[in-house]
Amino acid sequence: MRTVYLLENNAFGNRNKEKRETFFYAAAFDGWNKNALISRADSFQPALDDTIEYRTGESEEEKRKARRVLAATEKADPRAKAEIGKILLSGEPEKEQIAYLYLKEIFRFRAPARDKTYLPAVSAAIDVYRKIGKELEHLKGFLRFKETASGVFYAPFSPDHDVAPLLAPHFIARMQSPFILHDISRAYAVCYDGSSVREIEAAKADVSLSEDEEFFSTLWKGYFHTVAIRARTNAPVQDRLMPRRYRKFMEETLPSPSDPPPKKY
Numbered sequence: 000m001r002t003v004y005l006l007e008n009n010a011f012g013n014r015n016k017e018k019r020e021t022f023f024y025a026a027a028f029d030g031w032n033k034n035a036l037i038s039r040a041d042s043f044q045p046a047l048d049d050t051i052e053y054r055t056g057e058s059e060e061e062k063r064k065a066r067r068v069l070a071a072t073e074k075a076d077p078r079a080k081a082e083i084g085k086i087l088l089s090g091e092p093e094k095e096q097i098a099y100l101y102l103k104e105i106f107r108f109r110a111p112a113r114d115k116t117y118l119p120a121v122s123a124a125i126d127v128y129r130k131i132g133k134e135l136e137h138l139k140g141f142l143r144f145k146e147t148a149s150g151v152f153y154a155p156f157s158p159d160h161d162v163a164p165l166l167a168p169h170f171i172a173r174m175q176s177p178f179i180l181h182d183i184s185r186a187y188a189v190c191y192d193g194s195s196v197r198e199i200e201a202a203k204a205d206v207s208l209s210e211d212e213e214f215f216s217t218l219w220k221g222y223f224h225t226v227a228i229r230a231r232t233n234a235p236v237q238d239r240l241m242p243r244r245y246r247k248f249m250e251e252t253l254p255s256p257s258d259p260p261p262k263k264y
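All residue numbers for the sequence shown refer to numbering that gives the first Met the number 0, where the first residue is 0 and numbers rise by one.
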């Protein structure tokens, strides 16, 4: 029989970093000596013999247990908290369980385990961690901001992983201007007003662009398509270096009316 710890279904409320991590570490505490599984109510299909425990990540008891596990984790491996925090932002359906099994290996050795990739639990965790890191690097280059009529820079995107909170510090340091990172697929946005960052629910956005933005977007798109040499187009290489899932938000890669239909590979 398996004990399953589920974070109650509250799509936006569960985005709270403290709540998410409190739930995870407290569930790890309670499930340590059991056949346990940690997940979220919105992504789990129970078996007939599962014992389900719903959690909120908000109770004082959960916070107390989470503090104990987190303190021991940081003692065993000071880098593990950041790694696990990033894994919990992944798009993997079993991300909590992947992080939990990785945590158990850290405690088994009472030392960092990231180099022990011959262990399935470590290999799975590091694989997810690297995927998130790869997407972060892609988005630092592929994200496209548009200046709105109010002067705020707006960037819509639909990443595989929940990386908007991880991207914000990069663009704060680089742009030093108010901006919005709008994760379309998760229906929320990270907003920077020039001094602080906050997250808001945002299924859709009605954005009015500045006159300069409309002009320069048209100019940039025209330049991009003009300098392209169609005879040397190599779609497989383009797909590898600039994945298609990012292109629908990149002005320069959107097709022009005069473009021939894309080839299928």
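No residue lacks a Cβ here, since even glycine has one placed at the ideal position from N, Cα and C.
Which partner residues does residue i have in the DSSP bridge list?
i: A35; result: T2
i: D234; result: In the sequence under discussion, the amino acid at residue 234 is Ala, which differs from the Asp named in the question. None, per the DSSP bridge assignment.
i: P155; result: H181
i: T147; result: L208
i: A202; result: Its beta-bridge partners do not exist; DSSP assigns none.
i: T50; result: T2
i: A188; result: H181 and I199
Using the C-alpha atoms, what's the distance from residue j back to residue i?
i: F108; j: L253; result: 51 angstroms
i: N15; j: I228; result: 47 angstroms
i: M241; j: Q96; result: 31 angstroms
i: W31; j: E91; result: 22 angstroms
i: V196; j: L69; result: 25 angstroms
i: I83; j: A98; result: 6 angstroms
i: K225; j: F43; result: Note that residue 225 corresponds to Thr in the displayed sequence, not to Lys. Spanning the two alpha carbons is a distance of roughly 49 angstroms.
i: D49; j: A110; result: 32 angstroms
i: F178; j: N34; result: 45 angstroms
i: R243; j: V189; result: 23 angstroms
i: R173; j: Y245; result: 21 angstroms
i: I183; j: I199; result: 12 angstroms
i: M249; j: I171; result: 21 angstroms
i: D130; j: P45; result: The residue asked about is misnamed: residue 130 is Lys in this sequence, not Asp. Cα to Cα, K130 sits roughly 27 angstroms from P45.
i: R39; j: L100; result: 16 angstroms
i: E57; j: A26; result: 12 angstroms
i: L218; j: T232; result: 21 angstroms
i: K220; j: E213; result: 11 angstroms
i: D29; j: S194; result: 39 angstroms
i: Y53; j: F215; result: 51 angstroms
i: D41; j: A230; result: 48 angstroms
i: E251; j: Y4; result: 46 angstroms
i: K62; j: E17; result: 9 angstroms
i: Y264; j: P235; result: Residue placement at Y264 is poorly supported in this model, since its pLDDT is 42, which falls under 50; the coordinates still yield a value, given next. Rounded to whole angstroms, Y264 to P235 spans 8 angstroms at the Cα level.
i: P158; j: H169; result: 16 angstroms
i: L118; j: L102; result: 12 angstroms
i: S176; j: G140; result: 18 angstroms
i: H160; j: F23; result: 18 angstroms
i: R67; j: K145; result: 45 angstroms
i: R19; j: A112; result: 23 angstroms
i: D115; j: A124; result: Note on identity: in this sequence residue 115 is Lys, with Asp being the wrong assignment. Each residue's Cα considered, the two are about 11 angstroms apart.
Please state if the CB of residue j and the CB of residue i are separated by a distance shorter than 8 angstroms.
i: Y191; j: A201; result: no
i: V162; j: L88; result: yes
i: L135; j: F156; result: no
i: L47; j: R1; result: no
i: H181; j: A204; result: yes
i: A154; j: L142; result: yes
i: E93; j: T55; result: no
Please check the pair residue i and residue j, which I expect to be a contact at CB under 8 angstroms, by giving their CB distance rounded to whole angstroms.
i: T21; j: A65; result: 4 angstroms
i: T72; j: A79; result: 5 angstroms
i: V127; j: E104; result: The pair is not a contact, with the Cβ atoms about 14 angstroms apart (cut-off 8 angstroms).
Within 8 angstroms (strictly less), CB to CB, does residue i reach chain C?
i: R107; result: Protein chains in the displayed structure number just one, and chain C is not present.
Does the count of Cβ pairs from the segment 208-226 and the segment 140-155 closer than 8 angstroms reach three?
yes
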